[in-house]
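Reading the sequence shown from the start, the letters are residues 2 to 331 in my numbering. Even glycine gets a Cβ: it sits at the ideal position worked out from N, Cα and C. Computed from a predicted model, the values in this text were never measured in an experiment. Reading through the structure tokens given below for one structure.
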Amino acid sequence: MCCFLGYGTEHKGYRCWDPLSKRIRISRHVVFWEHHMFYLESPSTASCSSAFSISRTFEMKDLGSLSYFLGLEVISTNDGINLSQAKYASDLLARAGITDSHIESTPLEPNLVGGLVYLTVTRPDIAYPVHVLSQFLSAPRTTHYAAVLRILRYIKGTLFHGLYFSAHSSLSLQAYSDADWAGDPTDRRSTTGYCLFLGNALISWHAKKQTFTARSSTETEYRALADTTAEVISIRWLLEDLGAHQSSPTDVFCDNRSAIQIAHNDVFHERTKHIEIDCHFIWQRILIDAVRIIVVGTLDQTADIFTKAHHPTRFRTLLSKLKMVSLAPT
């Protein structure tokens, strides 16, 4: 958490005082919310408040320690921070008419899927099914309503699941990249899935249908690898702005050996010329030691949970790899 000082003159970005490193940083990766701001008070931030009095510029009100922010419940301890959306999920269940003793049989609200999309902020375990449902918002059918109900029932049974960010975790970045092939029966387009970990903490994930129909599984895996690499580069820039320099290449795990071979080959031919831009993009990032593509077994591919539906046993295995925790009150 930094103190906003103004705008950079020599470089584009926001000038912010970082109380941890006691340095002024210029970054474009800054998020503001017009009516909501918070800070974490500690001895290191005392000098920040005295040197830069934000209250002189902005009207402020002390609401105490951060516990609830934009629908996110925050539990902070000496060991780390827990994030969940249990209250938001409960409100969503109530809107759908799902309670302990009653399931509404009338049509669901059209914006329920939008509510599920926001719930994926702390619930990566529902990212894939919500991604699929979001493609049918304009003309939903009965089967789509049934799928929404199934997701809501799952949420009801895992209401307090969320993310955990350990205070003792390393700041080493790694990523998993995966894709199915021609998984959509309507247009035979594939789905890209990736997830990024900072130490043991899941910090970014994605499930999205690819723009074009791939002609081979290698092609679809390589397109996913390009998207994953782009996200890795973006996160590396953000970490650099925050003072967490990545001194070594980021490991990107992929379970397609052919895609990895293409990534390390600077010679293009008939089989790869239609994805030449992606080939150049990844290869150049390998050359500058920004990423390192590593093969991983299919059973150990964490990003598989973002590309397709799974049998319950396989789903639970993948879910454990996401390092989600249950924050149920005791």
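Below 8 Å on the Cβ atoms is my contact criterion, and I expect residue i with residue j to pass it. Report the Cβ-Cβ distance as a whole number of Å.
| i | j | result |
| --- | --- | --- |
| Y165 | K324 | 7 Å |
| G72 | Q86 | 6 Å |
| V114 | L138 | 6 Å |
| S191 | G184 | 6 Å |
| Q175 | T229 | Incorrect: roughly 11 Å between the Cβ atoms, too far for contact. |
| I236 | A291 | Actually they are not in contact, since the Cβ atoms of I236 and A291 sit about 11 Å apart, beyond 8 Å. |
| L134 | G116 | With 8 Å as the limit, L134 and G116 do not qualify as a contact, their Cβ atoms being about 11 Å apart. |
Assign residue i to buried or exposed, taking buried as 16 or more other Cβ atoms, counted over all protein chains shown, within 10 Å of its Cβ.
| i | result |
| --- | --- |
| D179 | buried |
| G194 | buried |
| N83 | buried |
| F307 | buried |
| G163 | buried |
| R254 | For clarity, residue 254 is Phe in the given sequence; the question names Arg instead. It counts as buried. |
| A128 | buried |
| C17 | buried |
| H265 | exposed |
| D80 | exposed |
| T152 | For clarity, residue 152 is Ile in the given sequence; the question names Thr instead. Buried, because 16 or more other Cβ atoms sit within 10 Å of the Cβ of I152. |
| G244 | exposed |
| L172 | exposed |
| Y69 | exposed |
| T314 | exposed |
| P186 | exposed |
| R24 | exposed |
| R124 | buried |
| T143 | exposed |
Within a Cβ cutoff of 6 Å, which residues of the same chain sit near residue i, ignoring the five residues on either side of it in sequence?
| i | result |
| --- | --- |
| D256 | V297, T299 and Q302 |
| R154 | none |
| T221 | A180, W182, S191 and A215 |
| H207 | Y195 |
Are the C-beta of residue i and some C-beta of chain D separated by less than 9 Å?
| i | result |
| --- | --- |
| R151 | No chain D appears in this structure, which consists of one protein chain only. |
Less than 9 Å between the beta carbons of residue i and residue j, yes or no?
| i | j | result |
| --- | --- | --- |
| L120 | I156 | yes |
| A225 | Q211 | yes |
| K209 | H132 | yes |
| I289 | I261 | no |
| I240 | H246 | Contrary to the premise, residue 240 reads as Leu rather than Ile in this sequence. Yes. Within cutoff. |
| I287 | Y223 | no |
| A227 | D279 | yes |
| A97 | L150 | yes |
| S249 | A202 | no |
Which residues in the same chain as residue i place their Cβ atom closer than 8 Å to its Cβ, once the five residues preceding and following it in sequence are excluded?
| i | result |
| --- | --- |
| L319 | T303, D305, I306 and H311 |
Residues in the same chain with beta-carbon distance under 7 Å from residue i, minus the five sequence neighbours each way, listed in chain order, please.
| i | result |
| --- | --- |
| K322 | T303 |
| F161 | S85, A87, S327, L328 and A329 |
| R258 | V296 |
When every heavy atom of the ligand MN is checked, does at least one fall within less than 8 Å of the C-beta of residue i?
| i | result |
| --- | --- |
| P186 | No copy of the ligand MN occurs in the structure displayed, which carries no ligand at all. |
Query raised in the report: In chain order, which continuous runs of the alpha helix (DSSP H) of length 4 or greater are located wholly inside the segment 157–210?
Result: none
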